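Counting in this note's numbering, the sequence shown runs from 117 upward without gaps. Comments concern the structure below.
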Amino acid sequence: MTPCPDATAHPDAAARPPSSPRPPAGLRDFYENPAVPVASGTARSRRQARLLARALGPVRNGTPAATVLDIGCGDGTAAATAADALTGHRLVGIDWSQDALRRARTRIPCAVRGELTDGGLPFATGSADAVLFSEVIEHLVDPDAALDELHRVLRPGGHLMLSTPNLAAWYNRGLLLAGVQPVFSEVSLRHIHGRPGTQVVGHLRLYTARALRGFLTASGFDVIRIAGAPYHDVPRPLRPLDRAACHVPSLASILLAHARRRSPSPTPNPLRTVKTPGNQ
């Protein structure tokens, strides 16, 4: 395992346009509150890690280990789960919340602070082989800046494994027809209003499978696959139906996206001319 990098902004940030505004104080306080959940379901983390392990391949003699960043690592539970499937690869946890990082460091060897704005991740451009981005994008004020930063740290062809709740999950379609606020959506950081559940988790953005695919494509990624995963808080009698919905990702509780950073298009050579009958 290589040492943890210094949690400082990348030097390239000085040459970049000003970063997007930091979340307001109320939102910062919300995510520093130890009572706010910072871990997702272990079954989902295991499924995501196995997909990435198959994409990276095993570490053998002569095969370099991949650098995998778990961005938004929370308390480190997902990274610790992923480590079992990513044996031999370098796994680094990154989070914005100092409280989450304190807990993560009890579970994984390396966890550093970083921000999802221009140059906010303490890694050089193109230095990462893969990024795990689990249950993060739905919490962001500026998801466009976040994907720009992920695109920066990934090498061309590098893997992005992203998971997020599905706005169009099978039960949400029924709830909307009944005039009920969908599961996963929230209208307040203080209380639940108008939807099932009792715990506020800070969701600001929600995606359907179609919207997620379009967003990733527009952000410079080629989408390899979007799969479905179950939600651990579905009532027990409904869990078989929730697992069955995973076979149709657009209906699943959770969307798992595997994408790769698109390689830059070759720059045309301005000195190269095409011969035509008129210039021979």
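C-beta atoms are modelled at their ideal positions from N, C-alpha and C, and glycine is treated no differently. Quick caveat: nothing in here was measured; it's all calculated off a predicted structure.
Please name the residue in 299, 303 and 304 whose C-alpha comes closest to that of residue 312.
299
Is the shortest distance between the beta-carbon of residue 261 and the beta-carbons of chain D less than 8 Å?
Checking the listed chains, one finds no chain D in this structure; it contains a single protein chain.
Unbroken beta strand (DSSP E) runs of length 3 or more, entirely within the segment 142-227: which are they?
183-187 and 206-211
Could you tell me the distance, in whole angstroms, from the CA atom of residue 256 to the CA atom of residue 352?
30 Å
So, at 7 Å on beta carbons, what are the nonlocal neighbours of residue 165 in its own chain, with the 5 sequence-adjacent residues on each side left out?
197, 198, 201 and 202.
Taking contact to mean at least 3 C-beta pairs separated by less than 8 Å, is the segment 243-256 in contact with the segment 212-221?
no
Looking at C-alpha atoms only, which residue of 322, 278 and 279 is the closest neighbour of residue 297?
Nearest to residue 297 by C-alpha distance, out of 322, 278 and 279, is 322.
Apply the 10 Å Cβ neighbour rule to residue 349 and answer buried if 16 or more other Cβ atoms are within range, or exposed otherwise.
exposed
Quick one: what's got a C-beta closer than 6 Å to residue 262's C-beta in the same chain, skipping five residues either side?
Correct list, in chain order: 232 and 256.
Whose CA, out of 276, 224, 331 and 238, lies closest to the CA of residue 259?
331
When the distance is taken between beta carbons, is residue 279 closer than 8 Å to residue 370?
yes
Which whole runs of the beta strand (DSSP E) in the segment 297-351 are 3 residues long or more, in chain order?
337-345
Quick one, which of 229, 162, 227 and 344 has its alpha-carbon nearest residue 372's?
344
Quick check on residue 245: does DSSP put it in helix, strand or coil?
strand
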